[in-house]
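Before any comments, here is the structure.
Protein chains: 2
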Amino acid sequence: MKILGIDPGTARLGYGLIETKPSLQYIDCGVFEPRTPDSGQRLKLVSDKLVELINKHKPRLAVVEGLYFSTNKKTALSVAEARGVIILTLTQKKVPLMEFTPNQVKSLVTGWGRSDKKNVELAVGMTIRLPQNLKVHDDAMDALALALCGSFSMRTVGKR
Amino acid sequence: MKILGIDPGTARLGYGLIETKPSLQYIDCGVFEPRTPDSGQRLKLVSDKLVELINKHKPRLAVVEGLYFSTNKKTALSVAEARGVIILTLTQKKVPLMEFTPNQVKSLVTGWGRSDKKNVELAVGMTIRLPQNLKVHDDAMDALALALCGSFSMRTVGKR
Numbered sequence: 000m001k002i003l004g005i006d007p008g009t010a011r012l013g014y015g016l017i018e019t020k021p022s023l024q025y026i027d028c029g030v031f032e033p034r035t036p037d038s039g040q041r042l043k044l045v046s047d048k049l050v051e052l053i054n055k056h057k058p059r060l061a062v063v064e065g066l067y068f069s070t071n072k073k074t075a076l077s078v079a080e081a082r083g084v085i086i087l088t089l090t091q092k093k094v095p096l097m098e099f100t101p102n103q104v105k106s107l108v109t110g111w112g113r114s115d116k117k118n119v120e121l122a123v124g125m126t127i128r129l130p131q132n133l134k135v136h137d138d139a140m141d142a143l144a145l146a147l148c149g150s151f152s153m154r155t156v157g158k159r
Numbered sequence: 000m001k002i003l004g005i006d007p008g009t010a011r012l013g014y015g016l017i018e019t020k021p022s023l024q025y026i027d028c029g030v031f032e033p034r035t036p037d038s039g040q041r042l043k044l045v046s047d048k049l050v051e052l053i054n055k056h057k058p059r060l061a062v063v064e065g066l067y068f069s070t071n072k073k074t075a076l077s078v079a080e081a082r083g084v085i086i087l088t089l090t091q092k093k094v095p096l097m098e099f100t101p102n103q104v105k106s107l108v109t110g111w112g113r114s115d116k117k118n119v120e121l122a123v124g125m126t127i128r129l130p131q132n133l134k135v136h137d138d139a140m141d142a143l144a145l146a147l148c149g150s151f152s153m154r155t156v157g158k159r
């Protein structure tokens, strides 16, 4: 079962795909940067990219970073706009959705809510067996961590 | 030329339509309340309603309330999600978009940025000749005021 993790943003969208069966493993990740000054076009490109990823990989679950209150209000609002578009697009494409906040992700992945980026990176890398020489952008790593959290929850709630 | 004003929200969307030619006049307004606890479905219903309004009235311009920093952060983020969905839907349907903040609307409609709701209501009512016995919801009135601001700007930038 494929799980798609999404780190939302209007300037940059991080995405990560993992497979859960027969065992957890890495499939793909990356960042998408819609380069246009027009906010409507930017949101449309984000939605189009997401549709492309869904059509290509057919994920059974998507995990999106949940609402949180950043210190930069303007960034927070612009990320929320992208989040709205992502949630709409997933709903239109009938992909079930889970949400985790950054602290929940750290807790689930490393066992401690205040771990730093490096700890998260190491834990994700080991768990999904990331190719060692692969350069992963921070936002793509966040997306992979989100997908991993989705897989943990599936194991908790689903049949084993 | 028809102009569609939109006051975004996930719990309630206000909309208002005016005609600019041969003279400014009221066409329609209302509020749409998607009643479902699921945030994805709520955003989808908002998008569907907007598509329905666009298909029915074929507005040449849409005016959406711009980003502003409410005192209630959670509400602000949830409104921003709806705004993202509205901007995406307008872009997908190729409806040009303008944005005004609440203070800009008050300034443009009444001549003073700190007017109260009653002043805005009176100014809008007179300018677009609202039927006197029509009960208009606050959020629909905000949407009509936004549409009116759009018409002022068209007159400023367009040919006369």
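Line by line, the protein sequences give chains A and B. For the record, in the first sequence the residue sitting at position 95 is 94 according to numbering that gives the first Met the number 0, with numbers rising by one throughout. For the record, in the second sequence the residue sitting at position 114 is 113 according to numbering that gives the first Met the number 0, with numbers rising by one throughout. Here a beta-carbon is modelled for each residue, glycine too, at the ideal position from N, C-alpha and C.
Boundaries of the alpha helix (DSSP H) harbouring L76(B): 72-91, taken from the DSSP string.
For chain B, none of the residues of the region 129-151 of chain A brings a beta carbon within less than 9 angstroms of one of its beta carbons.
Cβ neighbours of S114(B) within its own chain (closer than 6 angstroms, five residues either side excluded): K105.
Put simply, the CB of V63(B) is far from chain A, with every gap to its CB atoms at 7 angstroms or more. Partner residues in the beta bridge of C28(A), as assigned by DSSP, are G15(A). A10(B) has a beta carbon lying at 7 angstroms or more from every beta carbon in chain A. Chain B places a beta carbon closer than 7 angstroms to that of G83(A), counting this residue as a contact. In terms of Cα proximity to R82(A), the closest of L23(A), R41(A), H136(A) is R41(A).
Residues of the region 32-50 of chain A whose Cβ lies closer than 7 angstroms to any Cβ of chain B, in chain order: S38, G39, Q40, L42, K43, S46. Taking the C-beta atoms as reference points, V108(B) is found no nearer than 7 angstroms to L145(B). Taken in chain order, the members of the region 82-116 of chain A whose beta-carbon sits within less than 8 angstroms of a beta-carbon on chain B are R82, G83, V84, I86, L87, L89, T90, Q91, L96. Around the C-beta of E51(B), fewer than 16 other C-beta atoms lie within 10 Å, and the residue is accordingly described as exposed. Residues of chain B whose Cβ lies closer than 9 angstroms to the Cβ of A75(A) are, in chain order, K72, A75, L76, A79. By the CB criterion at 7 angstroms, I127(A) and I17(A) fall inside the cutoff. Non-local beta-carbon contacts of D138(B) in its own chain, meaning distances under 8 angstroms to residues more than five positions away in sequence, involve D6, G8, R11, L12, G13, V30 in chain order. Judged by DSSP in its simplified three-state form, I5(B) adopts strand. The C-alpha of K43(B) is placed about 26 angstroms away from the C-alpha of P101(A).
Setting aside the 5 residues that flank it on each side, P130(B) is surrounded in the same chain by Y25, each with a C-beta closer than 8 angstroms to its C-beta; the list follows chain order. Within the model, the alpha-carbon separation for T90(A) versus L60(A) is close to 11 angstroms.
In the three-state scheme derived from DSSP, where H, G and I count as helix and E and B as strand, A10(B) is classed as coil. Of E32(A), D37(A), L87(A), the smallest CA-CA separation from S46(B) is found for L87(A).
Contact note: L66(B) reaches chain A through L76, using a C-beta cutoff of 7 angstroms and chain order. When only Cα atoms are considered, G112(B) and Y67(B) end up about 15 angstroms apart.
Excluding the 5 residues flanking it on each side, K20(A) has same chain C-beta neighbours closer than 8 angstroms at M0, in chain order. By a beta-carbon distance limit of 8 angstroms, L23(A) does not contact S152(A). Their separation comes to about 13 angstroms. For V63(B), no alpha helix (DSSP H) run applies; the uninterrupted beta strand (DSSP E) run containing it begins and ends at 60-64, by DSSP.
For L96(B), the enclosing beta strand (DSSP E) starts and ends at 96-99.
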